[in-house]
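Here's the structure, in structure tokens; my notes come after.
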RNA sequence: GCCGAUGUAGCUCAGGGGUAGAGCACUUCCAUGGUAAGGAAGGGGUCAAGGGUUCAAAUCCCUUCAUUGGCUCCA
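In my numbering, the protein residues as written are 212 to 854.
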């Protein structure tokens, strides 16, 4: 028997018999480890822990504590669910069933049976029952012909379609219990580690993500090796729901929707408006420092403006339809973008290279007819305000300007306390050139421009093909909401195309005519979406500088109201804003209500404080921090706002 | 837009072919309070909208609208 050298993550090399599995190797280290191994990373590839290794390899054992281990575990759980479905609903056909970030799903076609949420507990019970049988997952390499024969026999057209795209010699089946599936793997050793199951939701999903094809039933679920972990997971979900911006937005009276006004059209209430305007003011100041000039443009524009820009051809049919006027043939569009207006502003007179880069900014409200099923609180709406700006510059200036914007955007995101964001380089889908306008040459220049600019910046990125805008590539800043769903906030886009369509020009130092390049950028993205994420991240406890009411004055008895009014006036002189709770309620009640409203500071005032010209200060979420003079409070406040 | 779920008081929800319910909130009165709910009384509903079945519909059926979980889309 030959031996092979196995290199472990700590760098040590051990020798094993050829054909040993990761499980054998784990067992040679410790029995406990072997029990916990879910899969193995062999030479960088994730393998079944039970798959024999015939060559020298680097090996990492994956357990529940590794991302790879969890992913294998959940993928195997999807197979377990499929086995349960097949047992309960014979004839069920299967699409795809991958692991996801939190759990797994399987797209299934149950034929004439329609699954409802009421069926899920039954499926969960079946899964647990099957898990107890400790069925081993078995890997089998199979020829394409045999695989096709198997699924032909079973009558599963989805698997047959998947097989079409696979190469003979590269096809594997996995079986556990009575269930066999076409699958690349890997899988966990056996089903017994699945101890807790929750099928979380049921939804329609188009086969292969194509809306022209049949809609399958997607069942989402999650499993755990310990019942306690499931309980904790469910509690975490409950906690996250409490942060939902739709719930907090209503409770804190930040914004509202009305059926009468229309779907997806938010209205900002006074407190939400304060919050939003403070954010805008913050950005306005930062942009002025960086040489931006603000403009204001109308909410509608002639249809021909968007025909020129290309937006009409791309989105016209699926948008709010043109507004007609008494004049025959005259049509206007609700503006879906600010850039065409800004292009016109650029073109107001001949431009010199000495004016570039020209940075034109606007808090511009735009309207887009988003599909009704896609609307979501403030995150996806039909009318929203972008913190938009367009930078017109020379080709040579693109990189520097892009980096300036990158600096501004990351500064803004960090100032808001978002540490976990992803910068996504969104490029063309190389397989679908018809989705994009503009010359290949310009696209390449723009894509390379972004990649170069980002590479010199200390920022982690992922690359996503097919996520570009139709006129150019983007750098998108992605951030997650309370429930882990990812949203695009800030965006930076390089555009060679629009200047061409609008025939924008400048005169260079060489006295020749040149075409400028445009950078679209919005650090917040949209005020609506940004604030939705801000609400969820802070659970409504906004930073002191930003929050609508910084303090509440709580008089213990109504005879203290005049004293409270004096304090309110005094604090206003120091730009500290708040209100007096004049209700005929007990102090306990006033404190409770103010805590729930997330007002950061409470100033409690009774006879004792009035006599000593003091206030008793209480911090939201922290409790009483003692009495102090108004001057001392101002100093305390200023220190807090720095922090 | 597609598949599923939901829609009862301002909010959270119970009920269910035969006079519409609770808690909180709101209003008024009493209490003038000491760090997360003081007490009492009162007002409040076309049971999302429209149509159908029925002696009778908030309840059953259909349609529409909105909300919601996904899918597709996202300038």
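Where a beta carbon is used, it is the ideal one built from N, C-alpha and C, also for glycine.
Keep in mind the model is a prediction, meaning the values are calculated, not measured.
Original post:
Just to confirm, are residue 697 and residue 633 a CB contact at a threshold of 9 Å?
Top reply: Here residue 697 refers to the residue found at position 486 of the first chain. Here residue 633 refers to the residue found at position 422 of the first chain. Cβ distance < 9 Å, so residue 697 and residue 633 count as in contact.
**OP:** Please report the residue range of the beta strand (DSSP E) in which residue 247 lies.
**Re:** Walking along the first chain from the start, residue 247 turns up at place 36. Run containing residue 247: none in the beta strand (DSSP E); it sits in the alpha helix (DSSP H), 242-247.
Original post:
Under 9 Å between the Cβ atoms of residue 445 and residue 434?
Top reply: The residue you call residue 445 lines up with position 234 of the first chain. The residue you call residue 434 lines up with position 223 of the first chain. No. Outside cutoff.
Original post:
Span of the beta strand (DSSP E) holding residue 603?
Top reply: Position 392 of the first chain, counted from the first residue, corresponds to residue 603. Taken as a continuous stretch (DSSP letters only), the beta strand (DSSP E) holding residue 603 covers 594-604.
Subject >> Local Cβ density within 10 Å of residue 408, reported as buried at 16 or more and exposed below that >> reply: Indexing the first chain from 1 puts residue 408 at position 197. Buried, since its Cβ has 16 or more Cβ neighbours within 10 Å.
Original post:
In the stretch 585-662, which residue ranges form an unbroken beta strand (DSSP E) of at least 3 residues, counting only runs that do not cross its ends?
Top reply: The stretch 585-662 contains these whole beta strand (DSSP E) runs: 594-604, 633-638.
**OP:** For residue 787, collect the residues of the same chain with a Cβ closer than 8 Å to its Cβ; drop the 5 residues on either side in sequence, then sort them by chain order.
**Re:** Taking the first chain and counting its residues from 1, the one referred to as residue 787 is at position 576. 761, 762, 845, 848.
**OP:** Taking only heavy atoms of the ligand SAM into account, decide whether any of them is closer than 8 Å to the Cβ of residue 402.
**Re:** The model depicted lacks the ligand SAM and carries no ligand whatsoever.
Original post:
If we ignore side chains and look at the alpha-carbon of each, how far apart do residue 533 and residue 654 end up?
Top reply: Residue 533 sits at position 322 when you count from the first residue of the first chain. Residue 654 sits at position 443 when you count from the first residue of the first chain. So the alpha carbons of these two residues sit roughly 31 Å apart.
Original post:
Taking contact to mean at least 3 C-beta pairs separated by less than 8 Å, is the stretch 293-312 in contact with the stretch 390-400?
Top reply: Verdict: yes, contact present.
Original post:
To the nearest whole angstrom, what separates the beta carbons of residue 308 and residue 293, a pair I think is in contact under 8 Å?
Top reply: Reading the first chain from its first residue, position 97 is the one you call residue 308. Reading the first chain from its first residue, position 82 is the one you call residue 293. So it is a contact: roughly 6 Å between Cβ atoms.
Subject >> Minimum C-alpha distance to residue 270 - residue among 283, 276, 250, 278 >> reply: Counting from one through the first chain, the residue named residue 270 turns up at place 59. Per the Cα distances, 250.
Original post:
In chain order, what residues of the same chain lie with their CB nearer than 8 Å to the CB of residue 518, ignoring the 5 residues before and after it?
Top reply: Counting from one through the first chain, the residue named residue 518 turns up at place 307. Excluding positions up to five away in sequence, the list reads 524.
Original post:
Which of helix, strand or coil does DSSP assign to residue 826?
Top reply: Numbered from 1 along the first chain, position 615 holds the residue referred to as residue 826. Here residue 826 carries a strand assignment [DSSP, helix/strand/coil].
Original post:
Any idea what DSSP makes of residue 760, helix, strand or coil?
Top reply: Taking the first chain and counting its residues from 1, one reaches residue 760 at position 549. Shown here, residue 760 sits in coil according to DSSP, grouped into three states, outside any helix or strand.
**OP:** Provide the residue span of the beta strand (DSSP E) that contains residue 398, from first to last.
**Re:** Sequence index remark: in the first chain, residue 398 carries index 187 (1-based). Taken as a continuous stretch (DSSP letters only), residue 398 belongs to no beta strand (DSSP E), as it is neither H nor E.
Original post:
Between the stretch 713-731 and the stretch 469-484, do at least 3 Cβ pairs fall closer than 8 Å?
Top reply: With the rule of 3 Cβ pairs closer than 8 Å, the stretch 713-731 does not count as touching the stretch 469-484.
Subject >> Closest by C-alpha distance to residue 800, when choosing among 824, 823, 815 >> reply: As a first step, residue 800 is located in the first chain; it is residue number 589 there, counting from the start. The shortest Cα separation from residue 800 among 824, 823, 815 belongs to 815.
Original post:
So, are the CB atoms of residue 742 and residue 629 less than 9 Å apart?
Top reply: Position 531 of the first chain holds residue 742. Position 418 of the first chain holds residue 629. No.
Original post:
Alpha carbon to alpha carbon, how far is residue 448 from residue 626?
Top reply: Taking the first residue of the first chain as position 1, residue 448 is located at position 237. Taking the first residue of the first chain as position 1, residue 626 is located at position 415. Whole-angstrom Cα-Cα distance: 27 Å.
Original post:
Apart from the five residues on each side of it in sequence, which residues of its chain come closer than 6 Å, Cβ to Cβ, to residue 218?
Top reply: Residue numbering aside, residue 218 sits at position 7 when the first chain is read from its first letter. Here residue 218 has 224, 269 as same chain residues with Cβ atoms under 6 Å from its own Cβ, once five neighbours each way along the sequence are excluded.
Original post:
Counting along the chain, where does the alpha helix (DSSP H) carrying residue 549 start and finish?
Top reply: Walking along the first chain from the start, residue 549 turns up at place 338. Note, residue 549: premise wrong, no alpha helix (DSSP H); not H, not E.
Subject >> Residues near residue 843 by beta carbon distance below 6 Å, same chain, minus five either side >> reply: The count along the first chain starts at 1 and reaches residue 843 at position 632. Closer than 6 Å at Cβ, skipping near neighbours: no residue.
Subject >> Bridge partner(s) assigned by DSSP for residue 803 >> reply: For the purposes of this step, residue 803 is taken as residue 592 along the first chain, with counting starting at 1. According to DSSP, which records beta bridges pairwise, residue 803 is partnered with nothing at all.
Original post:
Taking the alpha helix (DSSP H) that residue 460 falls in, what are its first and last residues?
Top reply: Reading the first chain from its first residue, position 249 is the one you call residue 460. Per DSSP, residue 460 belongs to the alpha helix (DSSP H) from 456-462.
Original post:
Quick one: what's residue 324 bridged to in DSSP?
Top reply: As a first step, residue 324 must be located in the first chain, where it is residue number 113. Answer is none; residue 324 lacks a bridge partner.
Subject >> Integer Cβ distance of residue 605 from residue 564, believed to fall under 8 Å >> reply: The residue given as residue 605 occupies position 394 in the first chain. The residue given as residue 564 occupies position 353 in the first chain. About 6 Å; that satisfies the 8 Å criterion.
**OP:** Indicate the three-state DSSP secondary structure (helix, strand or coil) for residue 725 in the structure shown.
**Re:** Translated into the one-based positions of the first chain, residue 725 becomes position 514. Looking at residue 725 - three-state DSSP - the assignment turns out to be strand.
Original post:
residue 856 and residue 343: beta carbons closer than 9 Å?
Top reply: No answer is possible for residue 856: it lies beyond the span of the chain, which begins at 212 and ends at 854.
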